[in-house]
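Numbering (our numbering), first residue to last: 1244 to 1468. Working notes, beginning with the structure itself.
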């Protein structure tokens, strides 16, 4: 699904991602790591926002930087979230739906799936939690093969986190996920595989059951520092 070989991204003298080689298969894949560790850089390389400095990245066998067609297979939610301030959430989702060949019925479906009752308000009036929910809705529009979400739990209250995890449990039967987060505990029960990117490097990867103890140790060490 996603293949990286020697993937490196530099911003001037800063090495944000350093020679990462990894294969991410179908299923629910959780990419963890500290803020500034490189996981969001990997995310943006995978979605074609960034061009690699060196190395290779392929999504469904295609180059996301050069091949815009691969993006039709993706549903993406970035963090931080940015939307045009003078449009409503509904107008924005209808724009995304239309770009993927869907109509208003798809927006209604996603609104019900995520329990969005604020879509007719302009996004400039949204709270940070409402903006996050709109970003999540954007990622699900059009039944994409792969949903990629950066920091899905940021700015959500406990009830919204529980609801999001419940939705993922249902949706994982229909599509694959790559989820970037520095908050791992609520997402572990639904994950198939876990990866840790820190200091620009892939430091851990494996099946959830095989790496859970090591993840707990890594995060405990960070809390003790």
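Positions of the beta carbon are idealized from the N, C-alpha and C atoms, including for glycine.
For the 7 Å CB-CB criterion, residue 1339 and residue 1381 form a contact. Leaving aside the five residues that flank residue 1293 on each side, the residues in its chain whose CB is nearer than 8 Å to its CB run, in chain order, 1252, 1284, 1287 and 1308.
Around the CB of residue 1264, fewer than 16 other CB atoms lie within 10 Å, so the residue is classed as exposed.
Short of 7 Å from the beta carbon of residue 1270, and not among the five residues preceding or following it, lie these beta carbons of its own chain, in chain order: 1419, 1435 and 1436. Counting of Cβ neighbours within 10 angstroms places residue 1451 among the buried residues, the total reaching 16 or more.
Judged by DSSP in its simplified three-state form, residue 1444 adopts strand. In terms of CA proximity to residue 1254, 1296 leads the group 1369, 1296, 1411 and 1345. Judged by their CB atoms, residue 1412 and residue 1433 are nearer to each other than the 7 Å cut-off. Taking each of 1431, 1398 and 1417 in turn and checking the Cα distance to residue 1408, the smallest one comes out for 1431. As far as DSSP is concerned, residue 1340 takes part in no beta bridge. Per DSSP, residue 1266 is one residue of the beta strand (DSSP E) stretching across 1257-1267. Nearest C-alpha to residue 1298 among 1415, 1458 and 1262: 1262.
Three or more Cβ pairs closer than 8 Å define a contact, and the stretch 1364-1375 meets that threshold against the stretch 1332-1352.
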